[in-house]
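Report on the structure given below.
In the working numbering, the protein residues as written are 69 to 522.
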């Protein structure tokens, strides 16, 4: 029988199938390449429109998408943050939904969720950790279907969101980044845990034992961040009894550590090279004032990683008792890494919103949304964030939640004090009322002296 071989693509087959191959091959018919590409784009647009129509019909997006408060209550993210996450993994979610659509093409009833609803339900699951049967009843799907797509969307978030947001800087030693008490202090490391039920085997109970866990058994994971509160590394999951130094030594983090890049950690890492820890008190002796001051600086710098660990615990799948297979470390690692990326995405947007608000208050005449971008705002605000962050708790996005920590003044008064404190940098003249009153008092003193002399 006659056969053919395409030199460009390397494909071959029977001659009866040659014309079908020729119509779809760019090497055999390059003149039709533009038409084929245009046809593919039209099909993709039609698929997107089909799934967008499903967004408005299916729950939960049809209900939660109406307000930021409702979405934040269920997923911990507002609508804009969910749209940002969706843009990172849009094509992968569409491909997954298209595959599910082809499987159920014969059914008149839609047995799958749209891409946006898949993302919303997965975020809801990670935030509140509802059982899969409960989620199945809420979205009107089978239990096996929910279990399948939760695992699939988790893989998509891990491959798209985590890979894009969390990474260790390649040249961290030479980059001008905020540092700790010393110039070489670049990273902060600490471990956190995920509580698990008590294992039935005695050997497993010994391996998973963790005294701080609510069940006394846990999985342990190690997280590293910089002094911008950015998560840069998340390790794999280990047994709860594994020592912190063991996890650090088996990680890739030590490859980037040297004399110019050092890590700040707690006393659990004492003895590791290039890891700065608080100084321990010798038996029967007290710490010197110098050592106490050093420990205060180290513990103050470690507040960033402690804050991140608490943010991770706001997700019930990490903060509660993990119901998954405790032997599947790969899935547990994916869950922690995805949640770390979600927390980092939240923190970035809140920091940007806070910087914009502060920049608008400091420079009202320069503020125009069309001429300033986030990078310009960050450059002018980051130098002043040290003083402002010490005065405010900017966990929320609105002005009314910017409460002071020390002296009880509001935002306007604090910014006014801040302008006076850095008037040489901002070029703001102090209020004229104080100078005029002082001049008037001096004039009155001189006039009284003259009257006494006369």
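Backbone N, C-alpha and C define an ideal beta-carbon position, used for all residues, glycine too.
Can you list, in chain order, the residues of its chain with a C-beta nearer than 8 Å to that of residue 287? Leave out the 5 residues immediately preceding and following it. 261, 262, 264, 276, 305, 306, 307, 308, 390, 394, 397 and 400
As a quick exercise: from 315, 274, 269 and 271, pick the residue whose alpha carbon is nearest that of residue 290. 315
Cβ atoms of residue 196 and residue 204: under 9 Å apart, would you say? no
Return the chain-ordered list of same chain residues with a C-beta closer than 7 Å to the C-beta of residue 281, the five sequence neighbours on each side being excluded. 261, 263 and 308
Residue 405 and residue 226 - do their beta-carbons sit closer together than 9 Å? yes
Quick check on the burial criterion: 16 or more other C-beta atoms within 10 angstroms. Buried or exposed for residue 149? buried
Around the Cβ of residue 128, are there at least 16 other Cβ atoms within 10 angstroms (buried) or fewer (exposed)? buried
Could you tell me which of 160, 376, 252 and 85 sits nearest to residue 300, measuring between CA atoms? For residue 300, the nearest C-alpha among the options comes from 376.
Where residue 135 sits in the DSSP three-state scheme: coil
Quick check: the Cα distance between residue 366 and residue 134, rounded to an integer number of angstroms? 45 Å
Can you check the stretch 281-307 for any beta strand (DSSP E) of at least 3 residues that lies completely inside it and give the ranges in chain order? 286-293 and 299-302
Can you tell me which of the three DSSP states residue 80 falls into? strand
If you run the structure through DSSP and keep just helix, strand and coil, what is residue 357? helix
Hey, how far is the Cα of residue 342 from the Cα of residue 302? 19 Å
Could you check whether the stretch 163-171 touches the stretch 354-371, counting it as contact only if at least three pairs of C-beta atoms, one from each stretch, sit closer than 8 Å? no
First and last residue of the beta strand (DSSP E) that includes residue 256? 253-263
Starting from the C-beta of residue 338, find all residues in its chain whose C-beta is less than 6 Å away, skip the five residues before and the five after it, and write them out in chain order. 345
Proximity to residue 364 [Cα-Cα], best of 332, 163, 328 and 199: It is 332 whose Cα lies nearest to the Cα of residue 364.
6 Å Cβ shell around residue 329 - same chain, five flanking residues per side excluded: Around residue 329: 240, 241 and 254.
For the alpha helix (DSSP H) that contains residue 389, what are its first and last residues? From DSSP, residue 389 is part of no alpha helix (DSSP H); its letter is neither H nor E.
From the DSSP secondary-structure annotation, give me the bridge partner or partners of residue 277. The partner list for residue 277 (beta bridge, DSSP) reads 285.
Report yes if the CB atom of residue 382 is closer than 9 Å to the CB atom of residue 144, and no otherwise. yes
Just the Cα atoms here: how many angstroms apart are residue 189 and residue 132? 11 Å
Straight-line gap, residue 402 to residue 318 (C-alpha atoms, nearest Å): 18 Å
Cut-off 8 Å between Cβ atoms - residues of its own chain near residue 310, not counting five sequence neighbours on either side: 288
Residue 234 - partner residues in DSSP beta bridges: Paired residue(s): none; residue 234 is not in a bridge.
Find out if the Cβ-Cβ distance for the pair residue 191, residue 161 is shorter than 9 Å. no
Would residue 279 and residue 373 qualify as a contact pair, given that the criterion is a beta-carbon distance under 9 Å? Cβ atoms of residue 279 and residue 373: not closer than 9 Å.
Distance CB(residue 327)-CB(residue 252) smaller than 9 Å: yes
Pairwise C-alpha distance: residue 209 and residue 231: 30 Å
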